[in-house]
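In the working numbering, the protein residues as written are 2 to 211.
Rendered as structure tokens:
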């Protein structure tokens, strides 16, 4: 029979990776379903033959069956204990990472808002240049003077765009790293230089000012 002492020690990173492996998870679900369905179809005589072959010294059929039952139930118990060990490990590590997960989620949401604001600023810059050109012409400035002023404005806007674009690229890289962390829960995937922001709790027992 199987030897559960050969089972590998649970590793949180491996557990997270496995749970994201849809093929492996689905395969094990199917295997467990097949085991459950097929065990009910095994003839009792075949189970008896297995018991007697495993425990020929038992003496009687009932004794061999009882011995096989104890062995199988012991295996199931050890597998259950192994599963509980994994659950405890996952809970402990997830609890430890909760502050990081909460902080990262808040940062990702904030970045999404900032990126949308930058996109809006880009569109606004183009519209502002067209509006300014019309205003200057309407004010009576010569076309050549307007062209010079607009060229200066365009140069300034290009510098602003370059700065915004650089900011976007930095945020997008950080956002990709944060999203990877939320999938793997591996702190090594956090952006370089990341630090957990401190959180402050309000003591509800402290009397509010009157």
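All C-beta atoms in this analysis are idealised placements derived from N, C-alpha and C, irrespective of residue type, glycine included.
Item checked: Sequence-distant residues of its chain with Cβ nearer than 8 angstroms to residue 16 (five each side left out) -> As a working mapping, residue 16 is identified with position 15 in the chain shown. 87, 90, 91, listed in sequence order.
Checklist line | residue 60 - DSSP class collapsed to helix/strand/coil | finding: To locate residue 60, count along the chain shown from 1; it is residue 59. Shown here, residue 60 sits in coil according to DSSP, grouped into three states, outside any helix or strand.
Next item on the list: Please look up how many angstroms separate the CB atoms of residue 49 and residue 62, rounded, as I've assumed it's under 8 angstroms.
Entry: The residue labelled residue 49 in the question sits at position 48 within the chain shown. The residue labelled residue 62 in the question sits at position 61 within the chain shown. So it is a contact: roughly 6 angstroms between Cβ atoms.
Note to self: For a quick check, are the C-beta atoms of residue 161 and residue 126 less than 8 angstroms apart?
What the structure shows: Translated into positions along the chain shown, residue 161 becomes position 160. Translated into positions along the chain shown, residue 126 becomes position 125. For residue 161 and residue 126, yes; Cβs fall inside 8 angstroms.
Check: In terms of residues, what are the limits of the alpha helix (DSSP H) holding residue 198?
Finding: As a working note, residue 198 is residue 197 in the chain shown. Counting along the chain, no alpha helix (DSSP H) covers residue 198, and no H or E run does either.
Item checked: Supposed close pair residue 98, residue 169 - CB separation, criterion 8 angstroms -> On the chain shown, residue 98 is found 97 positions in, with the first residue counted as 1. On the chain shown, residue 169 is found 168 positions in, with the first residue counted as 1. The beta carbons of residue 98 and residue 169 sit about 28 angstroms from each other, so the pair does not count as a contact at 8 angstroms.
Next item on the list: Compare the beta carbon distance of residue 1 and residue 53 with 8 angstroms and say whether it is the shorter of the two.
Entry: This structure gives no information on residue 1, because the portion of the chain shown stretches from 2 to 211.
Note to self: With H, G and I counted as helix, E and B as strand and the rest as coil, what does DSSP make of residue 44?
What the structure shows: Within the chain shown, numbered from 1, the residue matching residue 44 stands at position 43. For residue 44, the secondary structure class from DSSP, reduced to helix, strand or coil, is coil.
Check: What do you get for residue 19, buried or exposed, if any count of 16 or more other CB atoms within 10 angstroms of its CB means buried?
Finding: As a working note, residue 19 is residue 18 in the chain shown. For residue 19, the number of other beta carbons within 10 angstroms of its own is below 16, and it is reported as exposed.
Next item on the list: Give me the Cα-Cα distance between residue 43 and residue 9, rounded to the nearest whole angstrom.
Entry: Counting from one through the chain shown, the residue named residue 43 turns up at place 42. Counting from one through the chain shown, the residue named residue 9 turns up at place 8. Roughly 30 angstroms between the two C-alpha positions.
Check: According to DSSP, is residue 39 helix, strand or coil?
Finding: Within the chain shown, numbered from 1, the residue matching residue 39 stands at position 38. If DSSP states are grouped into helix, strand and coil, residue 39 belongs with the helices.
Notebook entry, point to check: Is it right to say residue 105 is buried, meaning 16 or more other beta carbons lie within 10 angstroms of its own, or is it exposed?
Noted result: Taking the chain shown and counting its residues from 1, one reaches residue 105 at position 104. Buried: at least 16 other Cβ atoms inside 10 Å.
Check: What first and last residue would you give for the alpha helix (DSSP H) that runs through residue 15?
Finding: In the chain shown, counting from the first residue as 1, residue 15 sits at position 14. In the DSSP annotation of this structure, the continuous segment of the alpha helix (DSSP H) that includes residue 15 starts and ends at 13 to 20.
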